[in-house]
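Novice: Sharing a structure with you now.
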Amino acid sequence: MNFLAHLHLADISDTHLTANLAGDFAKGSISDHPKHLQQGIWLHRQIDTVTDSHEIISDLLKLFPQTSRRVAPILIDLTFDHYLAYYWDEYHHQSLASFTQKAYQCMQQTADLPEALKNIIPNIVQQDWLTSYQTRQGLDKAIEGVSRRLSKPELFNHAKKDVDKLYVDIEIAFRTFYPQLMAYSRIYSRKTPAEYLPE
Numbered sequence: 002m003n004f005l006a007h008l009h010l011a012d013i014s015d016t017h018l019t020a021n022l023a024g025d026f027a028k029g030s031i032s033d034h035p036k037h038l039q040q041g042i043w044l045h046r047q048i049d050t051v052t053d054s055h056e057i058i059s060d061l062l063k064l065f066p067q068t069s070r071r072v073a074p075i076l077i078d079l080t081f082d083h084y085l086a087y088y089w090d091e092y093h094h095q096s097l098a099s100f101t102q103k104a105y106q107c108m109q110q111t112a113d114l115p116e117a118l119k120n121i122i123p124n125i126v127q128q129d130w131l132t133s134y135q136t137r138q139g140l141d142k143a144i145e146g147v148s149r150r151l152s153k154p155e156l157f158n159h160a161k162k163d164v165d166k167l168y169v170d171i172e173i174a175f176r177t178f179y180p181q182l183m184a185y186s187r188i189y190s191r192k193t194p195a196e197y198l199p200e
């Protein structure tokens, strides 16, 4: 899952939005991170484990051409965010615009974030990354942005074309898998180990 999905799953499981987002940037032991981030980091890791091991995702990865096989997990994450934004009203009671403003405010107000996340929050907010996922142009821009942040951008040379080929397959996988992931998130949030619960 990418940024929008992790924020959405945090919200529906009644856990801290930015703490869940921090899971992508928080390395090492959870207990080494600030207390107010620990539950979110733990939940983020559970969500990633469920996603990476799920048969729907495994089967989808196999469909990607060799040209994008190495970055296919990233492309799935980004395209899932695109479909979540596109179908947003089916998955959340708030409008996407209202939710993203709440998420941006939370990001800006959360202290002691991992440095890499703290550094990109101004771009996330100013360029309105979360809302931009709604359009195909926004998805393409997100793919370009990720490619620029990685050490081997050439791995994304065929990414947009390969996503085009699998656009419907990814939508079917998303529509089948994401409701399950919503249920997993609610269950896991209730099973958070006591040492990671906020004080």
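Numbers 2 to 200, taken from this note's numbering, label the letters of the sequence shown in order.
Glycine included, every Cβ here is placed at the ideal spot set by N, Cα and C.
Small disclaimer: the values here were computed from a predicted structure and weren't measured.
Roughly how many whole angstroms lie between the Cα atoms of Thr52 and Ala6?
Specialist: Whole-angstrom Cα-Cα distance: 12 Å.
Novice: For the candidate residues Ile77, Asp15, Ala27, Asn3, whose alpha-carbon lies nearest to that of Ile173?
Specialist: That would be Ile77, whose Cα lies nearest to the Cα of Ile173.
Novice: What are the uninterrupted segments assigned as alpha helix (DSSP H) that are 4 or more residues long and contained completely in the segment 109 to 183, given in chain order?
Specialist: If we require 4 residues or more, the alpha helix (DSSP H) runs fully inside the segment 109 to 183 come out as 116 to 127, 130 to 133, 137 to 150, 160 to 166.
Novice: List the endpoints of the continuous alpha helix (DSSP H) containing Arg46.
Specialist: Segment 36 to 54, the alpha helix (DSSP H) holding Arg46.
Novice: My parser needs the alpha helix (DSSP H) runs of 4 or more residues fully inside the segment 52 to 108; what are they?
Specialist: Listed in chain order, they are 56 to 64, 73 to 87.
Novice: By the three-class DSSP mapping on this structure, what secondary structure does Ala23 have?
Specialist: Helix at Ala23.
Novice: Look at Phe44 and Thr136 and say whether their C-beta atoms are less than 8 Å apart.
Specialist: The residue you asked about is not Phe; residue 44 is Leu in the sequence shown. No, they are not a contact pair.
Novice: With a Cβ-Cβ cutoff of 8 Å, do Asn3 and Leu61 count as a contact?
Specialist: Not a contact, by the Cβ cut-off of 8 Å.
Novice: Count the other CB atoms within 10 Å of the CB of Ala184; is the residue buried (16 or more) or exposed (fewer)?
Specialist: Under this definition Ala184 is an exposed residue.
Novice: Would DSSP call His9 helix, strand or coil?
Specialist: In this structure, His9 counts as helix in the three-state DSSP scheme.
Novice: Cα separation between Leu97 and Leu131?
Specialist: Cα-Cα distance, rounded: 8 Å.
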